Amino acid sequence: MSIAEKMAANQKQVAISEFFEKNKHFLGFDTLTRALITAVKEAVDNALDACEEARILPDIVVQITKVDNKKDILQLDVEDNGPGIPRASIEKVFGQLLFGSRFHAIRQSRGQQGIGITGVVMYSQLTTGDPTHVESKIAKEATAVAVDIGLDTRKNKAVKSNQDRVDWGEKVHGLKIRTSMKAKYQKGRKSVWQYLRMTSIVNPHADILFIDPDGQEHHWPRVTEKLPGRVEAIKPHPNGIELGQLQRLCGESSESRMTTFLRRNFSGVSGRAAKELCQVAELEEKLKPKSLKPDQVRALLEAFQGERMLRGNPVKLLNPPTSCLSPIEELLIKKGLSKTIDSKFVTTMTRAPSVTQGNPFQIEVGLIFGEGMAADKPVEILRFANRVPLMYQQGGCLLTKAIESVDWRQYGLDQAGGRGVPKGPAAILVHLASTNVQFTSEAKEALSDNEVVMEEGRKAMLEMGRGLRKHLEKKKKMGKTREKFELINDIIPAIAEKAASLLELPVPDLAASITKIMSAVIAETTTTWNKETKQTDVSILLYNYTSRARSYTILVTWPEKQGGKMIGNELGGRKEATGVWAWKLETLQPGVQTVITYSLSDIEKGDWNETDVFYRGSQEVIGATKMDEKLLDEIRRQEQAFLEDNEMDEEDARELSEEDEKESLSIQEEVVSESDIPADTQDDSKTDSGETKQTTLFGGDY
Amino acid sequence: MVAVRKSVEETKVALHGVVREMYDRIIKGDPPTMTLPVRTKNNIAFDPKLGVYKYGKKQTIRDATSLGSAKQLLRALHVIEFIEAMIDDGKSSTLREMYYISEGWGLGKFQSQNESNNLAEDLEIVTRCLREDFKLRPEEDGSRMIGNITLRERNRKGQWMRINARDDVGDSGYGVPYNVEKEKIEFLEHDVKFIMAIETGGMFDRLVENGFDEDFDCALLHLKGQPARSTRRIMKRMSEEWDLPVVVFLDGDPWSFRIFASIAYGAIKTAHISEYLATPSSTYLGITADDILAYDLPSDDLSKKDVEALNAELTDPRFADGWWQEQINMMLEIGKKAEQQSLAKYGLDFVTDTYLPEKLAELGLN
Chain U
-5 MSIAEKMAAN QKQVAISEFF EKNKHFLGFD TLTRALITAV KEAVDNALDA CEEARILPDI
55 VVQITKVDNK KDILQLDVED NGPGIPRASI EKVFGQLLFG SRFHAIRQSR GQQGIGITGV
115 VMYSQLTTGD PTHVESKIAK EATAVAVDIG LDTRKNKAVK SNQDRVDWGE KVHGLKIRTS
175 MKAKYQKGRK SVWQYLRMTS IVNPHADILF IDPDGQEHHW PRVTEKLPGR VEAIKPHPNG
235 IELGQLQRLC GESSESRMTT FLRRNFSGVS GRAAKELCQV AELEEKLKPK SLKPDQVRAL
295 LEAFQGERML RGNPVKLLNP PTSCLSPIEE LLIKKGLSKT IDSKFVTTMT RAPSVTQGNP
355 FQIEVGLIFG EGMAADKPVE ILRFANRVPL MYQQGGCLLT KAIESVDWRQ YGLDQAGGRG
415 VPKGPAAILV HLASTNVQFT SEAKEALSDN EVVMEEGRKA MLEMGRGLRK HLEKKKKMGK
475 TREKFELIND IIPAIAEKAA SLLELPVPDL AASITKIMSA VIAETTTTWN KETKQTDVSI
535 LLYNYTSRAR SYTILVTWPE KQGGKMIGNE LGGRKEATGV WAWKLETLQP GVQTVITYSL
595 SDIEKGDWNE TDVFYRGSQE VIGATKMDEK LLDEIRRQEQ AFLEDNEMDE EDARELSEED
655 EKESLSIQEE VVSESDIPAD TQDDSKTDSG ETKQTTLFGG DY
Chain Y
105 MVAVRKSVEE TKVALHGVVR EMYDRIIKGD PPTMTLPVRT KNNIAFDPKL GVYKYGKKQT
165 IRDATSLGSA KQLLRALHVI EFIEAMIDDG KSSTLREMYY ISEGWGLGKF QSQNESNNLA
225 EDLEIVTRCL REDFKLRPEE DGSRMIGNIT LRERNRKGQW MRINARDDVG DSGYGVPYNV
285 EKEKIEFLEH DVKFIMAIET GGMFDRLVEN GFDEDFDCAL LHLKGQPARS TRRIMKRMSE
345 EWDLPVVVFL DGDPWSFRIF ASIAYGAIKT AHISEYLATP SSTYLGITAD DILAYDLPSD
405 DLSKKDVEAL NAELTDPRFA DGWWQEQINM MLEIGKKAEQ QSLAKYGLDF VTDTYLPEKL
465 AELGLN
């Protein structure tokens, strides 16, 4: 070893132990409460990532126990059912700072955030002097490995002790961590509880059990068996690359032609674009990338960034593929929110993927509204980046700003001056899925400003706001209908009775008065979950409180697209469009009522809380909306177009995938080799996200 | 429409009239209704015969086509039933007690005390009875009075007690009961030149301590802010029966102007019985907008609400005369208001030694 090398090594040794001390706040260990949250976060994120890669539905148990009250020493236990870590890798994962496989792959992952589990081991050792106990079992071994891991901070190396084998009984694979640390358990908005609660919302496929220091259990059950879509690594896009990275790519390339190099190593570059890029960068197509001079690399970068143009325009590049993103998707956000916050109205929206500076990203939002939450407080904001909860620095975060940029007053929430965080009984969820999440600082708690992302977020908020407004309007209408019923069923009869008894006269007949008071046809709709049958029962009562006979067609929305089935529908009727059913009713005589009932099966509790009712007919129906025939036509037209599109898409997809296979082979290999995938892989879970947004009867909520 | 005291039978008949209106409408196949005058400043008019403001001809029909109105009608029926029972049993109740009793009225129960108070007033208006006829009494007690006035009051045991409101009372004065009608109070004799009504307790106590009532031969009456009905009624009776002038000494702000209007011309809320409660011969003594300038009184800026109130007063028929328009406009112009007790700027005796004598001299009362 040369002297220079020795010096460099020394420098590194000092740096790594001091690095932690000096950067405690970046790493999330600056306060006693935050240290605990960070530790839970590192362990839980790892568990979720490992399960996802191994296609396992995660069962995670987190327990915090008091060890020494006076000295604030707590013990943290985290157990998962993930693939486990092979014995040889344990010390790398737990004992080496910045060990990780994901640093070069361009795709969405939780692990981009935070220092990793080694930070926890180090913090534990620094504050208690104790090692971290790890037990790991992989499927192909009969017993689990148990080992205590400490750190030699000078050498950035793990110190193993008490290695042993333990019998786990029935459990086939998984990981257990037990570590103690100086930390404080706290309740509220910034707590382990909140972190796990938020995690459970965006990971509806996970079952999370938390046992707090008081021994109280908090359970967030799994609400879907569907694993998040498998994320693929993608090649960098020319728009998002930096000079250094480009130089490295050129230098490491073994390609013999520039055009091949461009097509194979970047996403969004077609054969034509590769030629044009060479042309504007004044590079010979035959040139070997390895032989590029710094000036030439710079010229190529300028071509990438559109600074060098072809006939006055930047070279046209395709967008990077968005298959590298794993959105949670509307229905699952809905379920996640519904299980965590008990409320009647949820609206969610997943925007189509978009690109900023060569990085694909996707915004998802959810809004839950209802009585259970405080009406006079700011709404709860639930921020996430790549399915990881962001709990600090709410004010400075791009996602918060997107919420604040909307005038919520028009959608039924309070907001002083139409700016800032709105007030009301609601929670707003925002999730950014991206291959490259940009934070304001190393603390990684707030997203930095980006106009494109902001605009996407804002659009999603507006869409959700419209859904909320519709809901509130409908609620108001229903409230009015209920009032009318109370009026004629309870109050008017009470007035008649009391007046008659005071005057000592007979109680008069009310029919004529009631018809005059109502002078309307009224629909009363109930949509309720039936615990026993596990079905959603719907009933629509129609009363004719006018003095003439009336005839109507009644139409309803129902969850056809979500896979629901309509059963027990004795009146028959017919399908008007996807998700819209209609009944032509017999003439309704004055003072007569009729009822439509049916049940919805094959959907779960909370999937369908409200039924929209429409009518065709001349006299207004209170409690239903007049059918907008133009809108219905539009829906039918879109449906048709959508079906045709889909057929075409499938053909396209086949062709494309054949081509892709050849090109992406090298990267795919890398990715797969990084993780140990156990035998019981479930691989049927690529979600079908091809659905385009279309006009609906209810503000894009179905 | 002049309200007169009704006999028990007349009261019952009047109340049955309200019930009858509802019953007959149902028989005809219409929604039940209750007809009553509009109770806003847009529907009060000066009655030259009575010298006070009364409700005009605008009527509102409360019909049972909305849930809120229908509930009001149902409540009215419950209240009528309750009143009849009290009349029959020889009982009475406070408005607050009635509010709590309504807990047992099911759909007809009151949501707030305000509702029950308003409904009692509605019934007074429609039936032209007084709430005393309904055996309902207010929660608020009357005011207190000090001065050389002798009256007799019938006590709980039905015996008449002779009371001199200067010699037979302590520093807090004679407590005015909620009922000051003839069956309860009779005026015997007096040795005062005028009655001074005072807004705040602090100022009332100041004048009492300084012996103002004896030095200036007057009776002092504490209004306690917006005066209760019994306070206005006793002022009215003394002024009428003894032909005594009434001067009103209030804070200098828009709300005091309203207090004065309700004393002198009748309150909007009780315009159906203005001739019972209002004292048209009363005079506003101060604090005027002029006084704030003339005496250079410590003052506060008008709030947004104050300005709104002043502007509303400019279009209130009770403030239509020139002097009031001038005062209101002046207050808006200087943008200031002052409390009675700001006179203490010049010492504790300034009000009794200087301010009041000067103001009374202007009115020819000193």
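Going down the list, the sequences are from chains U and Y.
Here my numbering is used: position 348 in the first sequence is 342, and no number is missing along the way.
Every position in the second sequence, counted from 1, becomes a number in my numbering once 104 is added.
Every residue gets a Cβ at the ideal spot worked out from N, C-alpha and C, and that includes glycine.
Treat the numbers as computed from the prediction; the structure is a model and nothing was measured.
Chain Y within 8 Å of residue i, Cβ atoms only
i	result
D677/U	Residue confidence is low: D677/U scores 40 on pLDDT, short of 50, so the model does not pin down where it sits. Its coordinate-derived value is still stated next. Not an interface residue.
K492/U	yes
P584/U	no
Q106/U	Because Q106/U sits at a pLDDT of 48, beneath the cut-off of 50, its placement in the model cannot be relied upon, and the following sentence gives the value as read from the coordinates. Output row for Q106/U: interface = no.
K510/U	yes
E614/U	no
L499/U	yes
Proximity test, Cβ basis, 8 Å: residue i and chain U
i	result
V455/Y	no
A174/Y	yes
G160/Y	no
V106/Y	Confidence is the limiting factor: at V106/Y the pLDDT is only 45, short of 50, which leaves the residue's position unreliable, though a coordinate-based value still follows. Chain U contact via Cβ: absent.
L223/Y	no
L181/Y	yes
L325/Y	no
L234/Y	no
G121/Y	no
S220/Y	no
G471/Y	Chain Y is shown from 105 up to 470; residue 471/Y falls before or after that span and cannot be answered.
L414/Y	no
A118/Y	no
Partners in chain U for residue i, counting only beta-carbon separations shorter than 9 Å
i	result
R166/Y	Those do not exist, as R166/Y stays about 12 Å from chain U at its closest Cβ, beyond 9 Å.
CB-CB length for residue i against residue j, believed under 8 Å
i	j	result
M175/U	L70/U	7 Å
K18/U	D24/U	5 Å
Q351/U	G234/U	5 Å
I197/Y	S220/Y	Looking at the sequence itself, residue 197/Y is Ser, so the reference to Ile does not match. The Cβ separation is near 11 Å, so there is no contact.
F423/Y	A365/Y	7 Å
V139/U	R159/U	7 Å
For residue i, the nearest candidate out of the options (CA to CA)
i	options	result
V291/U	A268/U, R183/U, L277/U, T519/U	L277/U
M265/Y	M249/Y, F291/Y, G246/Y	F291/Y
A268/U	T253/U, A275/U, R258/U, H231/U	T253/U
Y282/Y	T374/Y, D271/Y, E257/Y, V296/Y	E257/Y
K492/U	I131/Y, Q163/Y, Y127/Y, R232/Y	Y127/Y
R333/Y	L348/Y, E285/Y, S196/Y	E285/Y
T520/U	T193/U, N156/U, G617/U	G617/U
Q330/Y	P136/Y, T374/Y, D271/Y, H120/Y	T374/Y
L192/U	S264/U, V114/U, G558/U, V424/U	Correcting the residue type first, residue 192/U is Met in the shown sequence and not Leu. Among S264/U, V114/U, G558/U, V424/U, the Cα nearest to that of M192/U is on V424/U.
V183/Y	V123/Y, L140/Y, P141/Y	V123/Y
N146/Y	I438/Y, D394/Y, K161/Y, V117/Y	K161/Y
S83/U	L169/U, A420/U, G22/U, A506/U	L169/U
Under 8 Å from the C-beta of residue i: neighbouring residues of chain Y
i	result
I195/U	By Cβ distance, chain Y contributes nothing, its closest Cβ being about 39 Å from I195/U, past 8 Å.
P502/U	Y127, I130, I131
I489/U	M126, I130, P136, A168, A174, L177, L178, L181
D484/U	L211
Residue i - containing alpha helix (DSSP H), residue span
i	result
E293/Y	Unbroken run through E293/Y is the beta strand (DSSP E), 289 to 294; no alpha helix (DSSP H).
H19/U	18 to 21
Y204/Y	199 to 205
W427/Y	426 to 438
Partners in chain Y for residue i, counting only beta-carbon separations shorter than 7 Å
i	result
E480/U	L171
A506/U	G133
E477/U	L171
Chain U residues whose Cβ lies nearer than 8 Å to that of residue i
i	result
I184/Y	L496
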